[in-house]
Every structure is written in C-alpha cells, then in structure tokens.
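First the structure, in the form of structure tokens, and then the observations on it.
In the working numbering, the protein residues as written are 108 to 380.
What follows is the structure, given as structure tokens:
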C-alpha cells in the first residue's frame, strides 16, 4: 500500500498521495457518503481499509476520485498548501527544502539525516487508525448535504492561472460559516523528510457529544477564515509527529493577502437518500 523505502522525493510524494487517498476514502466510507460498491478493500498490517475506486454506477464517488487526482497534480507541482472538504476535513502539506542527504564514502552509503521508513509506516497506521476512531464517534450528518473540496495554494510559487484538472477558481466568499459551535480536532501529522502532511477536523460540537466534554473549550467562533485555517504549528524537524486528538476553539486570524483558492467544477450530494 505504501512504499517500503522513503529515500527520495519521488517515493515520498507517492506515500503522501496514497495516504491522502486512504484518508479521504476513510472519511467518505465512515460517514456513509457512497455505497459499498464504490470501495475496494486493502490491508495495512492488521487494518482493513476501504479505498475509493472509480465506480461507474456511482457518479458521486467517480467525481471525488477525479478531485483527488486533481489534488495529486497540485501536490506533484508543490503548489497546494492544504485542502478541506465537507465538515472541514483539512489536509495541510509542506514541502521540505532541507531534505535527507546521502553521504557516499568508500563504496559505503550512509544516511546522514532523515526519517526511518519503518517509523513513517507506523505513523501512517496511527493516523489512519485515529481517523477511523474519530469517524466512529461522530454523530450522523444531515441528509441535505453538499460535498465539496477546496484547494488552497502557496501563492509565492503557484502561477496565478494554474488550476488542477477538475477545478476552477473559487467564487465563494472568503469565510466559511457554521450554524452553532465549531470544534477543531487535530488528528495528527506524518513527516517523511521531504513532505509533511497534517490532518485536522472541524465539526459541529453536537456531533462529538460522545467525546470527553472537558477537552472542548467553549465560546469558539462561528466564522472560520480560509486564511486562519492555515495556522502554524510546531514541526519538530524531520521527526514523526503523531498528536493525540486535541480539541480547541481558539480564534484564528490570517494574513491580509488573499490566498489563491480552487473549487470543483461540479458539486456532489445535493441531498442524500
């Protein structure tokens, strides 16, 4: 499922793309967005994973697979900063300039810096397991939902006219409005030495009543800015950072410069059965 060795930027990109696909598949499967026929089964050690596939009998799952492929294009170009989809599942990406270096001396190859491939795989397992655990403890979504995906970019490297396949320039307002009290859940992150991927969830407080209420701060904002979603957190160089589920409703403010944002050309699930 994941590369056995992460020694090059290309191998790292493959891992991040697969981890992204697995994570989105987990979310859509556990939230009951698509039928069983839209998923294949893969195993990661003892974890049984349901992976989205191109199911021609389900236009919704077929479209989201195309969205993910569009995100892959932006990832390969190192343009995309993070994206979010319904109920605000945020996937943030960073591209490391100080990559692992190889020291070649007298026919011996020594890894000077970097992260052990075994540790990276373990971090992926923990991240996926936490997503499954979280999905099991979230309350049901309403029937009248619309699924969308927003791609946000690094402005300093992304051409102004760039749009990945299946996406167009975002035409919506700059803020996302919630009815009620949104709660942020930091699920975890995985670093390969070349890429860093973080996962965060924002949902309505009433959907996580089964979670310890003492962990949730009150009086949070009902408006979340695209800029504010891109908040910096401690990285820890090339070390694996797998955070416990942390809950916060801290108010976030972003930079004045408007971020480039893409949205899908078509939306999905305008009213589930």
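Virtual Cβ for every residue (Gly too), placed ideally from N, Cα, C.
With 16 other Cβ atoms within 10 Å as the buried cut-off, status of residue i
| i | result |
| --- | --- |
| residue 279 | exposed |
| residue 168 | buried |
| residue 310 | buried |
| residue 267 | exposed |
| residue 272 | exposed |
| residue 295 | buried |
| residue 155 | exposed |
| residue 90 | Outside the displayed range of the chain (108 to 380) lies residue 90, so it cannot be described from this structure. |
| residue 225 | exposed |
| residue 340 | Note that residue 340 scores 41 on pLDDT, short of 50, meaning its location in the model is unreliable; the coordinates nonetheless yield the value given after this. Label assigned to residue 340: exposed. |
| residue 353 | Low per-residue confidence applies at residue 353: pLDDT is 38, beneath 50, and the placement is therefore not dependable enough to give any value. |
Expected contact under 8 Å - CB spacing of residue i and residue j to nearest Å
| i | j | result |
| --- | --- | --- |
| residue 315 | residue 244 | 7 Å |
| residue 127 | residue 178 | 7 Å |
| residue 136 | residue 157 | 4 Å |
| residue 130 | residue 276 | With 8 Å as the limit, residue 130 and residue 276 do not qualify as a contact, their Cβ atoms being about 26 Å apart. |
| residue 198 | residue 297 | That pair is no contact at about 11 Å. |
| residue 190 | residue 258 | 5 Å |
| residue 292 | residue 200 | In fact, because the Cβ distance is near 19 Å, the residues do not count as touching under 8 Å. |
| residue 183 | residue 172 | Actually they do not touch by this definition, with Cβ atoms about 17 Å apart. |
Cβ shell of residue i (< 7 Å), same chain only, five flanking positions each side left out
| i | result |
| --- | --- |
| residue 399 | The chain is shown from 108 up to 380; residue 399 falls before or after that span and cannot be answered. |
| residue 373 | 170 |
| residue 196 | 134, 308 |
| residue 269 | 186 |
| residue 141 | 135, 165, 167, 168 |
| residue 231 | 109, 126, 297 |
| residue 180 | 271, 272 |
| residue 274 | 177, 258, 369, 370, 371, 372 |
8 Å Cβ shell around residue i - same chain, five flanking residues per side excluded
| i | result |
| --- | --- |
| residue 175 | 127, 128, 131, 159 |
| residue 138 | 194, 242, 245, 248 |
| residue 152 | 232 |
Residues near residue i in its chain [Cβ-Cβ closer than 6 Å; skip 5 each side]
| i | result |
| --- | --- |
| residue 68 | Nothing about residue 68 can be read from this structure; the chain reaches only from 108 to 380. |
| residue 227 | 113, 299 |
CB contact check: residue i to chain B, cutoff 8 Å
| i | result |
| --- | --- |
| residue 302 | The structure shown has no chain B; it contains just one protein chain. |
Heavy atom of the ligand GTP within 7 Å of residue i beta-carbon
| i | result |
| --- | --- |
| residue 263 | With respect to the ligand GTP, the structure offers nothing, as it holds no ligand at all. |
At what residue ranges does the segment 124-205 contain a whole run of the beta strand (DSSP E), taking only runs of 3 or more? 146-151, 154-159, 187-192, 196-202
Which full runs of the beta strand (DSSP E) of 3+ residues lie inside the segment 265-313, going along the chain? 274-276, 282-284, 289-298, 302-311
Assess, as a yes-or-no matter, whether the segment 138-157 is touched by the segment 259-269 under the definition of 3 or more beta carbon pairs within less than 8 Å. no
Touching by the beta-carbon criterion (3+ pairs, under 8 Å), the segment 114-123 and the segment 232-239: no
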